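*Asks:* Heads up, the sequence shown is in the working numbering, so the first residue is 1 and it goes up one at a time.
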Amino acid sequence: MKLLAYRSGDATRCGVLVEGDFVVDVTGLLGLEVPLRDVQDLLELPDRPLDRLRDAIATGLGKSQSRRPIADVKLGPPVMQPPTVRDFAAFEEHITQQFTRGEDGTIDGFGYLDMEVWNRLPVFYFSNPLMIAGHDQDVVHPAATRNMDYECEIGVVIAKEGKDVLEADADEYIAGFTIFNDWSFRDLQVDEMGGTLGPVKGKDAATSIGPWIVTPDEFGDAYRDGVLSLRAQVRVNGETWTDRNTWNMVHTFGAMIERASQDSRVVPGDVIGSGTIGMGTTMEAARLGRPARWLRPGDVVEMEIEGIGVLRNRVVEPTRLRDAVRYVAPFELPMASPMSADQIAAVDARVRNPATV
Numbered sequence: 001m002k003l004l005a006y007r008s009g010d011a012t013r014c015g016v017l018v019e020g021d022f023v024v025d026v027t028g029l030l031g032l033e034v035p036l037r038d039v040q041d042l043l044e045l046p047d048r049p050l051d052r053l054r055d056a057i058a059t060g061l062g063k064s065q066s067r068r069p070i071a072d073v074k075l076g077p078p079v080m081q082p083p084t085v086r087d088f089a090a091f092e093e094h095i096t097q098q099f100t101r102g103e104d105g106t107i108d109g110f111g112y113l114d115m116e117v118w119n120r121l122p123v124f125y126f127s128n129p130l131m132i133a134g135h136d137q138d139v140v141h142p143a144a145t146r147n148m149d150y151e152c153e154i155g156v157v158i159a160k161e162g163k164d165v166l167e168a169d170a171d172e173y174i175a176g177f178t179i180f181n182d183w184s185f186r187d188l189q190v191d192e193m194g195g196t197l198g199p200v201k202g203k204d205a206a207t208s209i210g211p212w213i214v215t216p217d218e219f220g221d222a223y224r225d226g227v228l229s230l231r232a233q234v235r236v237n238g239e240t241w242t243d244r245n246t247w248n249m250v251h252t253f254g255a256m257i258e259r260a261s262q263d264s265r266v267v268p269g270d271v272i273g274s275g276t277i278g279m280g281t282t283m284e285a286a287r288l289g290r291p292a293r294w295l296r297p298g299d300v301v302e303m304e305i306e307g308i309g310v311l312r313n314r315v316v317e318p319t320r321l322r323d324a325v326r327y328v329a330p331f332e333l334p335m336a337s338p339m340s341a342d343q344i345a346a347v348d349a350r351v352r353n354p355a356t357v
């Protein structure tokens, strides 16, 4: 199933795609009296709500309900305000910037990373659940930044409450997968992390998720042993800057859920980001010879992940002048320079999905 939230008059409603191109109101499908606002509302229902919805569609109720073509529907984020947003870092190519991090753990511009810790632990930070955008919604270019970037990730949406969930049991806590754009503001991020905290303001102004949540059964063999193997692309103004496969995650989604819930809780509607895929930022795209640059107002960023869909956002002008902002980074980061052709070929060979060779 593909689960979504869409505008209906002055309100938002939880919907499901049927027959590929039609949206049906989940409230009507389940015969509920109180309207469901988004997918989180659905997941918070008792008595296995996803199974109940799947049964309703299978028995033909989707055909008897009022349907709207997806082309006529304005989507919102499938979860409008997640209880929490945790973002992990599962891809070595990204965390090492094309495997160029030195043996001492340092890398130009982004400081120190203990690779032993990163390999041993699924590390994460909390992002801002109050600044969530959906498909075709504008994202404001923060006035404080000169270095706006995208980060292409897969998001997991939690289906039910759990505590101390084990990796072996994690699949039953997954409602589905979505596209996750962890918009990043690199000058703010680098400046703030010099104070040994962060990257809070470097990630605070926006996260995009959508266009919908796809349940795990839709992926077949592409989802195996806690890892998705999907082609992921990013286009800026129609030009492809990112093109990778997600097969080579170091930490599985199950490991992320175990770490997130250890001595803690996960609840319906929580969103977990996989971390950025290799080549999944403007800086990495530039290093790999793509014509990438920092994002600016007017840019249209499209993320397409096989089996999920396309998440599109337009970057728009800041809501105030930079001169009016008190806390800005005292520097501007340069865009990364391209690697040599031999270096690019070596990186491509290292990350190529063996299933496609």
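Positions of the beta carbon are idealized from the N, C-alpha and C atoms, including for glycine. Since we're looking at a predicted model, the values are computed, not measured.
1) In three-state terms, what does DSSP make of Met249?
2) Under 8 Å, with one C-beta from each stretch per pair, do the region 304 to 314 and the region 187 to 195 reach the 3-pair mark?
3) Please list, in chain order, all residues of the same chain as Thr27 whose beta carbon is under 8 Å from its beta carbon, the five residues on each side excluded.
4) Decide yes or no for the touch test of the region 263 to 281 against the region 84 to 102: beta carbon pairs closer than 8 Å, at least 3 of them.
5) For Leu228, which of Asp243, Gly254 and Gly210 has the nearest alpha-carbon?
6) With DSSP as the reference, label Asp169 as helix, strand or coil.
7) Taking contact to mean at least 3 C-beta pairs separated by less than 8 Å, is the region 75 to 87 in contact with the region 121 to 139?
8) Could you tell me the boundaries of the alpha helix (DSSP H) in which Met131 lies?
9) Just how far apart, CA to CA, sit Leu197 and Tyr125?
10) For the region 53 to 93, list the alpha helix (DSSP H) runs that are entirely contained and at least 4 residues long, ordered along the chain.
11) Using 8 Å as the threshold, is the region 261 to 269 in touch with the region 246 to 253, meaning 3 or more CB pairs across them?
12) Thinking Val73 and Val23 are a contact (beta carbons under 8 Å), I'd like their distance in whole angstroms, please.
13) Do the region 228 to 246 and the region 286 to 299 touch if we need at least three Cβ pairs shorter than 8 Å?
14) If we ignore side chains and look at the alpha-carbon of each, how far apart do Cys152 and Val234 end up?
15) Using a Cβ-Cβ cut-off of 7 Å (strictly less than) and excluding sequence neighbours within five positions of Ala345, which residues of its own chain qualify?
16) Helix, strand or coil for Val357 per DSSP?
17) Distance check for Asp10 and Arg52, CA to CA, integer angstroms please.
18) Rounded to whole angstroms, what is the Cα-Cα separation between Lys160 and Leu30?
*Replies:* Walking through what the data contain:
1) Residue state, collapsed to three classes: coil.
2) At 8 Å Cβ cutoff, the stretches do not touch.
3) Arg13, Cys14, Val34, Pro35 and Leu36
4) yes
5) Gly254
6) In the displayed model, Asp169 falls within a helix according to three-state DSSP.
7) yes
8) Counting along the chain, Met131 falls outside any alpha helix (DSSP H), and DSSP gives it neither H nor E.
9) 10 Å
10) 61 to 64
11) no
12) Between Val23 and Val73 the Cβ distance is about 5 Å, and since that is below 8 Å, they are a contact.
13) yes
14) 7 Å
15) none
16) With a pLDDT of 47 at Val357, under the threshold of 50, the modelled position of this residue cannot be trusted; read the value that follows with caution. It is coil, neither helix nor strand.
17) A direct Cα-to-Cα measurement between Arg52 and Asp10 gives close to 27 Å.
18) In a straight line, the C-alpha of Lys160 is about 18 Å away from that of Leu30.
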